[in-house]
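Each remark here refers to the structure printed beneath this line.
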Amino acid sequence: MIQLPEMINYFRKQHDMTLEQLGEHFGKSKSAMSRWIKGDRSPMVDDLIRLADIFHTDVTTLLFGLDYKTVKTTGQIDSQTKELIQTIKQLQPNEKKETIVFAKSLIEKRSVAKRHLFPIQVVEAVAAGVGYSYDNNQTTTFYTDRDNLKTYDVATLVSGDSMEPEIKNGDVILLQKNVHHISGQIYTVDYNEKSYVKKVYFEKDNLRLVSLNDKYEDIIIPLNTPHYLNIVGQVVDHFTPINN
Numbered sequence: 008m009i010q011l012p013e014m015i016n017y018f019r020k021q022h023d024m025t026l027e028q029l030g031e032h033f034g035k036s037k038s039a040m041s042r043w044i045k046g047d048r049s050p051m052v053d054d055l056i057r058l059a060d061i062f063h064t065d066v067t068t069l070l071f072g073l074d075y076k077t078v079k080t081t082g083q084i085d086s087q088t089k090e091l092i093q094t095i096k097q098l099q100p101n102e103k104k105e106t107i108v109f110a111k112s113l114i115e116k117r118s119v120a121k122r123h124l125f126p127i128q129v130v131e132a133v134a135a136g137v138g139y140s141y142d143n144n145q146t147t148t149f150y151t152d153r154d155n156l157k158t159y160d161v162a163t164l165v166s167g168d169s170m171e172p173e174i175k176n177g178d179v180i181l182l183q184k185n186v187h188h189i190s191g192q193i194y195t196v197d198y199n200e201k202s203y204v205k206k207v208y209f210e211k212d213n214l215r216l217v218s219l220n221d222k223y224e225d226i227i228i229p230l231n232t233p234h235y236l237n238i239v240g241q242v243v244d245h246f247t248p249i250n251n
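Going by our numbering, the sequence shown opens with residue 8, and the numbers climb by one from there.
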């Protein structure tokens, strides 16, 4: 059975669309469309409904596929797909959304089952006096299909969108605690009872924390600040967790 990524790419080509043109319908980039087609990411339910509308097809066909060679020559689809389409047509709009969510979960499970996943123990930074502790904390297991992660000392979660598009909210970041010459690399910094993930620069008597997301202003920290300040470690790698 043809899978969702293949169907998106098939219909895109049938409509003579580039990845950029497809992305314009969603306000998304070419790389975001490429991730859909590669199967690295899946469209949200609303995007899936929009795709079906753009391609003049139905969500069932996008999700479960069809033998488009047979359709092209005979104009017919297999009986199971036809039954699915007829059943979904009888559902209420909210029931259709629930069905789509369930169908997508089946596809995700099948996709994950084919991958070899690697467990990573992730710690949460815990407030400890004036600073934060990343040692001897309770860990949570997250999974990745990457087998080429860089050497690291501790893994922790990112909260917030200030480092998008490179590092997303909920991503796991891998830290090396040895801090070398600082000049624009990404670090985790604890300051004044908050923990930040930012590009870090030394500027005379200040430390400048810079977000990748333009909607955030730089944070200037005087080196002689009376508040707790600690550069925890450099972010040497990161990944988006995969549900096991």
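For every residue, glycine included, the Cβ atom is placed at its ideal position computed from N, Cα and C.
Near residue 40, which residues of its chain fall below 7 Å by C-beta distance, leaving aside the five closest residues on each side in sequence?
Excluding positions up to five away in sequence, the list reads 26, 29 and 30.
So, with DSSP's three-state summary, where would you put residue 62?
Note: residue 62 maps to coil in three-state DSSP.
Apart from the five residues on each side of it in sequence, which residues of its chain come closer than 8 Å, Cβ to Cβ, to residue 190?
So the list reads 208 and 209, once near-sequence residues are dropped.
Throw me the rounded Cβ distance for the residue 164 and residue 200 pair, which I believe falls under 8 Å.
Not confirmed; about 18 Å, so no contact.
In the DSSP assignment, the alpha helix (DSSP H) including residue 16 goes from what residue to what residue?
Per DSSP, residue 16 belongs to the alpha helix (DSSP H) from 11-21.
Of all the options 91, 109, 125 and 68, which has the alpha carbon lying nearest to the alpha carbon of residue 150?
Minimum Cα distance to residue 150 is reached at 125.
At what residue ranges does the region 149-196 contain a whole run of the alpha helix (DSSP H), taking only runs of 4 or more?
Qualifying alpha helix (DSSP H) stretches: none in this window.
Within its chain, find whatever has a CB closer than 8 Å to the CB of residue 106; leave out the 5 residues flanking it on each side and keep chain order.
The residues are 95 and 98.
Does the pairing of the region 210-221 with the region 168-185 give three or more beta-carbon distances under 8 Å?
With a cut-off of 8 Å, the region 168-185 and the region 210-221 count as touching, because enough Cβ pairs lie within range.
Which two residues bound the contiguous beta strand (DSSP E) that contains residue 205?
Run containing residue 205: 201-210, per the beta strand (DSSP E) assignment.
Just how far apart, CA to CA, sit residue 44 and residue 13?
C-alpha separation (whole angstroms): 6 Å.
When DSSP builds the beta bridges, which residues end up paired with residue 217?
BP columns for residue 217 point to 206.
Output the boundary residues of the alpha helix (DSSP H) element that contains residue 34.
First-last for residue 34: undefined, no H or E at that position.
Name the two residues that bound the continuous beta strand (DSSP E) containing residue 123.
It is not in any beta strand (DSSP E) - residue 123 carries neither H nor E in the DSSP assignment.
Are the beta-carbon atoms belonging to residue 104 and residue 179 less than 8 Å from one another?
Not in contact: residue 104 and residue 179 (Cβ atoms no closer than 8 Å).
Taking only the alpha-carbon atoms, compute the straight-line gap between residue 49 and residue 202 and give it to the nearest angstrom.
Roughly 31 Å between the two C-alpha positions.
Between 194, 128 and 249, which has its C-alpha nearest residue 236's C-alpha?
Answer by Cα proximity: 194.
When you compare only the Cα positions, how much space is there between residue 205 and residue 65?
Using only the alpha carbons, I get a separation of about 43 Å.
Within a Cβ cutoff of 7 Å, which residues of the same chain sit near residue 37, ignoring the five residues on either side of it in sequence?
Closer than 7 Å at the Cβ level, and outside the excluded window around residue 37, lie 26, 27 and 30.
Name the residue from 244, 111, 109 and 67 whose alpha carbon lies nearest to the alpha carbon of residue 253.
One cannot answer for residue 253 here, as it falls past the ends of the chain, which runs 8 to 251.
Quick one, are the C-beta atoms of residue 160 and residue 128 less than 8 Å apart?
Their beta carbons are not under 8 Å apart, which means residue 160 does not touch residue 128 by this criterion.
Identify the residues that DSSP records as bridge partners of residue 244: which are they?
Partner(s): 181.
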